[in-house]
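J.: Take this structure first; my questions come after.
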Amino acid sequence: MSNYIFWPNELLRKESTLNDEELIIIAIKLKDTDYVVIAVEQISTLRDAVELGFPYVILGNRDPQGNWTINTPSFNIVEFEVPKFKLMQFYSIEPISLLLSKNTVVDNPNLKKIPNIEKLTSYERYRAMNFKLNKTIDIINTYNSTLNAFHKSYPMIGKSKENNVSGITLLQIWYVSTVFHRLVCNAAFYATFGACYIAYYGSVFLRNMTPTLLRLSATAKQIDLRFQQICYFPVQFMKIYQTKVHDETISEYSTPNRESSTNKIELSCKYYPDYIRFYNTLWLIVNDISFGLMFGAVLNENHDTIVNTLSDVIMTTLYDKMIEVTHILANNPFGIKLNHELASFLSELFYWIMEFSYNSLIRFASDKSKLSIFLTIVTKVSCVFGASFGISLIVDFFSLLSFHIYLFYHISCKLYHWQLNTLISLFYLFCGKKRNVLRKRIDYDYFEIDELLLGTLLFIVLSFLMPTVLSFYSSYTLLWVTTVYISVFLTSIIGLINHFPLFAILLRIKDAKRLPGGILLLPKYHKNGRVILTLHNNPLNVPAMFSPFSHSMGKIKEYYFSTMTFKNLLSGTSIKVQINELYDILYLSLPEEPQNVSQILSKLKKGLPC
Amino acid sequence: MSSEEPWSRLLWIKQKYPDNYTDPDFIQFMEKMKQKREDPSPIDYDFDQIRKDSLKFYNIFLNSSFIYIAFTLIYYYKTDARYITGAITLITMLVSTHKNKELTSLLNLKSSFIIIFTLLTLSPVLRSLSMTTASDSIWTVSFWINVLYILTCATSSLSPSPHKEDIKKQESSIFYDINDHSNNKPSNLATNLLLANVAILASRLNTTTDVFCFLLIAIQVNIILPRIINISHIKVATTSSMVVYLFIGISIGYRITLIFLITSVSYIIFMPKLFHYWQVNYRRRDYEILDLWDPRTPVVDVE
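These protein sequence lines map, in sequence, to chains A and B.
According to the UniProt record's numbering, the first sequence is numbered sequentially starting from 1.
According to the UniProt record's numbering, the second sequence is numbered sequentially starting from 1.
Take a look at the structure:
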């Protein structure tokens with residue numbers, strides 16, 4: 001197997017400046033990595049130096065004529081641009097995940113082991129035994145700290161880059177030492193402390209005291225989501241802070257105990273997505289509030305018009321039209337002659353529900369002064385807390401108002417489902433068959449005359465009543481499905497506001513190297529009959545950035561626009577707005593349980609300047 | 001021990017033979033098949049059996065027309081349904097007391113109670129059921145259900161041909177042996193189709209009493225009596241033919257009755273001969289290996 005030599009571009013440039021001198025190449029090579037060139041020096045500098053110890057090796061040399069001699073028998077050269085770790089650039093073999101995977105050991109210590117998966121992974125074929133590239137990439141990612149460590153061990157070889165302390169940095173250092181800074185830090189800490197406590201107990205209250213409300217109301221769900229995000233902020237912040245601490249310690253280490261340091265680097269790469277998530281959430285919250293301000297302004301400006309229109313719309317669509325539809329159904333719709341007795345009974349029942357919901361709800365909702373108060377509340381909430389809260393209030397208001405449609409749908413759906421199932425069983429009886437529960441199949445059976453008589457008469461009666469039930473069911477289902485689609489549309493807007501990968505997109509535009517989605521090796525040129533490769537960063541592609549959102553859209557499609565939905569409608573299985581399921585995706589970037597704030601805050605307190 | 005168990009040609013039985021086991025008799029069997037295919041031996045079709053089957057079909061037809069006779073009497077001629085029901089019930093009672101003590105056993109008592117109460121409960125519901133449907137559509141539905149009934153009844157009662165001794169035994173008496181369940185039960189589907197037809201027709205009647213009586217008559221004439229008496233017996237067949245033709249004669253006219261009579265007589269005489277001729281001369285004979293396999297699908301328990 002040939003060796004790979006990773007050669008940073010900056011050393012190539014350095015080499016070209018030292019044209020007529022004899023040079024040696026120093027590289028670092030750990031147990032399971034390839035060579036990474038860390039220094040190209042004049043041969044004179046090494047003369048006084050002691051022997052180079054592990055992991056550093058002299059890889060080769062160059063004579064004054066410019067001919068290279070490499071000490072390894074077969075090799076390939078890969079050139080790379082050193083990633084600026086301070087700017088958070090790095091290479092990654094796997095695309096970085098913008099979601100919080102629930103199965104990471106950090107978040108879920110009681111990781112469930114699936115035996116089949118374990119068996120599969122233990123199979124030799126699926127086990128990649130060669131982690132050479134991963135480890136080499138880790139070295140490349142921390143190239144500068146590795147270089148610093150090298151210079152510390154061998155100060156005589158080369159010089160570490162001089163830190164040019166600029167004016168701004170000096171100002172920074174001065175600022176950090178002032179009392180003012182401490183005050184600001186403390187104030188920020190206690191503000192966070194307060195917010196986190198409120199959020200934590202609010203979330204616990206919502207989850208434990210009112211789980212039903214959380215399941216039914218979009219607003220409660222939205223409040224819970226926001227609380228969760230606030231609770232998770234300190235954790236994310238700690239993780240990002242930790243990586244910075246590591247960054248400093250790496251440069252300090254002198255003995256090349258590589259194993260532990262690589263782990264630390266790996267940690268820093270691992271928590272990098274947290275950085276993206278943290279700022280994404282912050283951005284989205286700010287964005288949400290700015291949208292909310294716009295939304296609130298629009299609502300405020302057209303307050304009277306909206307109130308008037310809404311009042312009319314609620315009155316006509318939710319009350320007058322419903323009465324009309326029920327009336328038509330009771331009186332032979334489209335000339336289809338339904339069973340008069342059943343139709344009139346059902347329409348009486350629905351009239352009664354309608355009157356009840358009118359007296360208890362719609363009358364107040366369509367009242368202009370009350371509607372105006374509601375609209376003012378929505379305006380203010382969306383201005384203060386964000387558009388998502390305003391919209392979720394509207395969703396709740398709508399689902400409350402359309403409750404009687406749900407009742408119609410539910411009653412007719414139950415009737416239809418029950419009747420359809422009975423008809424199917426009776427049809428088996430009609431054919432002289434019977435469901436065999438043990439064998440899970442339909443078997444022939446011989447029935448007595450009384451059984452047959454009862455079954456057949458019921459079958460005839462039910463099949464004559466079926467068109468009536470079917471017409472009621474189909475019309476109310478149509479109405480209900482319309483309301484469900486409206487709710488789902490509004491909920492997906494909330495989802496968009498809550499989960500748009502805004503920060504990731506901005507990062508991608510600003511500096512694609514900060515959003516690695518894999519690496520790319522491209523041939524560059526031939527040198528002495530040898531192909532030189534270059535290492536490139538393959539930025540995360542757009543579909544991957546939108547994967548949480550498209551996942552959510554896929555779920556919506558599966559629930560409301562699939563053949564399964566159609567089948568459920570046909571068989572009379574109840575269809576509901578699955579707010580919980582739609583929101584699930586929003587929780588993907590959060591841990592499952594609310595974080596215990598007090599522990600995290602005490603840790604955070606240690607970081608305060610005193 | 002177990003290996004001495006003969007291999008059987010059944011897929012769903014777990015046998016101690018390997019999957020690709022080939023029976024040593026297989027070649028012999030194939031040879032026999034080949035021979036049969038090349039030189040089929042003439043089969044002696046039983047003309048008597050064909051004649052009896054076609055007569056049975058005719059009798060089923062006659063029997064089903066009793067429904068329409070009863071319906072016309074009640075619906076069109078406005079006859080008091082109670083008298084007809086009483087008469088029919090009397091006949092049924094007489095026949096069953098004549099028949100066997102077992103019939104009045106507790107089980108039958110229970111069953112008849114259930115029947116009566118079901119009819120009483122559902123009669124008012126049935127009466128108002130098809131109020132909004134036009135009569136013509138009811139007649140059409142009834143006609144097609146009746147066609148289906150006759151076909152299913154015929155196929156289910158004709159296909160498993162009983163042994164000749166049984167037939168001879170049955171022929172000798174008007175009544176079936178009540179303990180013999182082999183032949184006198186029509187399929188469930190046929191009974192259900194008949195009941196559906198009756199129920200749909202009954203929904204046209206004006207009063208609840210009429211509905212109840214009509215259902216009772218139809219059940220007695222078409223379901224209970226054919227189980228007790230052999231409708232293929234010459235006396236029963238003649239009686240029912242006479243009743244049917246008399247009714248057609250009175251209600252529609254003698255010319256049409258004459259046409260019916262000629263058609264049915266020619267059916268009884270010529271149809272069996274024609275069929276026998278077709279069987280002997282034109283019927284294709286298949287000798288397939290798969291014929292020997294049980295056609296039922298095996299059931300694999302999937303957890």
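Cβ coordinates follow ideal geometry from the N, Cα and C atoms, glycine included.
(1) Note down the Cα distance separating G335/A from Y473/A, rounded to an integer number of angstroms.
(2) Excluding the five sequence neighbours on either side, which residues of its own chain have a C-beta within less than 8 Å of the C-beta of A220/A, listed in chain order?
(3) Any C-beta of chain A sitting closer than 9 Å to the C-beta of L122/B?
(4) Grab the span of the alpha helix (DSSP H) containing A218/B for me, first residue to last.
(5) Rounded to whole angstroms, what's the CA-CA distance from residue 645/A to S412/A? Just pull it up for me.
(6) What does DSSP give as the partner residues of R441/A in its beta bridges?
(7) Chain A beta carbons: is any one of them nearer than 9 Å to that of L148/B?
(8) Per DSSP, what are the beta-bridge partners of Q42/A in this structure?
(9) Beta-carbon of L129/B versus every beta-carbon of chain A: anything under 9 Å?
(10) Would you mind stating whether I145/B and I200/B have Cβ atoms separated by less than 9 Å?
(11) Within 10 angstroms of the Cβ of M294/A, are there 16 or more other Cβ atoms? Answer buried if so, exposed if not.
(12) How is K576/A classed by DSSP in three states: helix, strand or coil?
(13) Under the three-state reduction of DSSP, which class applies to Y190/A: helix, strand or coil?
(14) Using a Cβ-Cβ cut-off of 6 Å (strictly less than) and excluding sequence neighbours within five positions of L18/A, which residues of its own chain qualify?
(15) In chain B, which residues lie with their C-beta within 7 Å of the C-beta of F472/A?
(16) Measure the alpha-carbon distance for I519/A versus E81/A and round it to whole angstroms.
(17) Would T89/B pass as an interface residue toward chain A - the criterion being a Cβ-Cβ separation below 9 Å?
(18) So which of I140/A, D511/A, Q222/A and A504/A has the shortest CA-CA distance to S547/A?
(19) Pull up the distance between the alpha-carbon of I353/A and that of S128/B, whole angstroms please.
(20) Using the Cα positions of I77/A and N9/A, report the straight-line distance between them to the nearest angstrom.
(21) State buried or exposed for P162/B, treating a residue as buried only when at least 16 other CB atoms are found within 10 Å of its CB.
(22) Y154/A to Y275/A, Cα distance in whole Å?
(23) Report yes or no: is there a C-beta of chain A within less than 9 Å of the C-beta of V125/B?
(24) Quick one: list the residues of chain B neighbouring F447/A, beta-carbon separation under 7 Å, in chain order.
(25) On the three-state DSSP scale, how would you describe W278/B?
(26) Please look up how many angstroms separate the CB atoms of F150/A and I38/A, rounded, as I've assumed it's under 8 Å.
(27) When you compare only the Cα positions, how much space is there between Y428/A and T208/B?
(28) What does the alpha-carbon distance come out to for the pair F389/A and I223/A?
(29) In whole angstroms, what is the alpha-carbon distance linking T190/A and V204/A?
(30) Report buried or exposed for S182/B, applying the criterion of at least 16 other Cβ atoms within 10 angstroms of its Cβ.
(31) Any contact between the stretch 490-510 of chain A and the stretch 429-443 of chain A? By contact I mean 3 or more CB pairs, one from each, below 8 Å.
(32) Would you decide whether V325/A is buried or exposed? Buried here means 16 or more other CB atoms lie within 10 Å of its CB.
(33) Going by DSSP in three states, Y416/A sits in which element: helix, strand or coil?
(34) When the Cα atoms are used, what is the spatial distance from I494/A to S392/A?
(35) Whose C-beta lies closer than 6 Å to the C-beta of L601/A among residues of the same chain, with five residues either side of it excluded?
(36) With a threshold of 9 Å between beta carbons, is T118/B in contact with chain A?
T.: Let me spell this out:
(1) If you take the alpha carbons of G335/A and Y473/A, they lie about 17 Å apart.
(2) So the qualifying residues of the chain are L206, T210, L213 and L214.
(3) yes
(4) T208 to I219
(5) Any question about residue 645/A goes unanswered here, given that chain A covers just 1 to 610.
(6) N436/A
(7) Output row for L148/B: interface = no.
(8) L23/A
(9) yes
(10) Their beta carbons are under 9 Å apart, which means I145/B touches I200/B by this criterion.
(11) exposed
(12) Three-state result, K576/A: coil.
(13) helix
(14) For L18/A, where only same-chain residues beyond five positions count, there are no Cβ hits under 6 Å.
(15) Per Cβ cutoff of 7 Å: no residues; F472/A is ~15 Å from chain B at best.
(16) Rounded to the nearest angstrom, the two C-alpha atoms are 12 Å apart.
(17) no
(18) A504/A
(19) 27 Å
(20) For the pair I77/A and N9/A, the Cα-to-Cα distance works out to about 12 Å.
(21) In this predicted model, P162/B has a pLDDT of only 44, less than 50, meaning its place in the structure is not dependable; the value taken from the coordinates is given anyway. So P162/B ends up on the exposed side.
(22) 35 Å
(23) yes
(24) N188
(25) helix
(26) In this structure F150/A touches I38/A by the C-beta definition: roughly 6 Å separates them, less than 8 Å.
(27) Rounded to the nearest angstrom, the two C-alpha atoms are 29 Å apart.
(28) Each residue's alpha carbon lies about 8 Å from the other.
(29) The question names Thr, but residue 190/A in the sequence shown is Tyr. Using only the alpha carbons, I get a separation of about 21 Å.
(30) Interpretation of S182/B is limited by its pLDDT of 47, a score under 50 that renders its predicted location unreliable; the figure taken from the coordinates is listed afterwards. Result: exposed.
(31) No, the stretch 490-510 of chain A is not in contact with the stretch 429-443 of chain A.
(32) Buried: at least 16 other Cβ atoms inside 10 Å.
(33) helix
(34) 7 Å
(35) F193
(36) With 9 Å as the cut-off, T118/B counts as an interface residue toward chain A.
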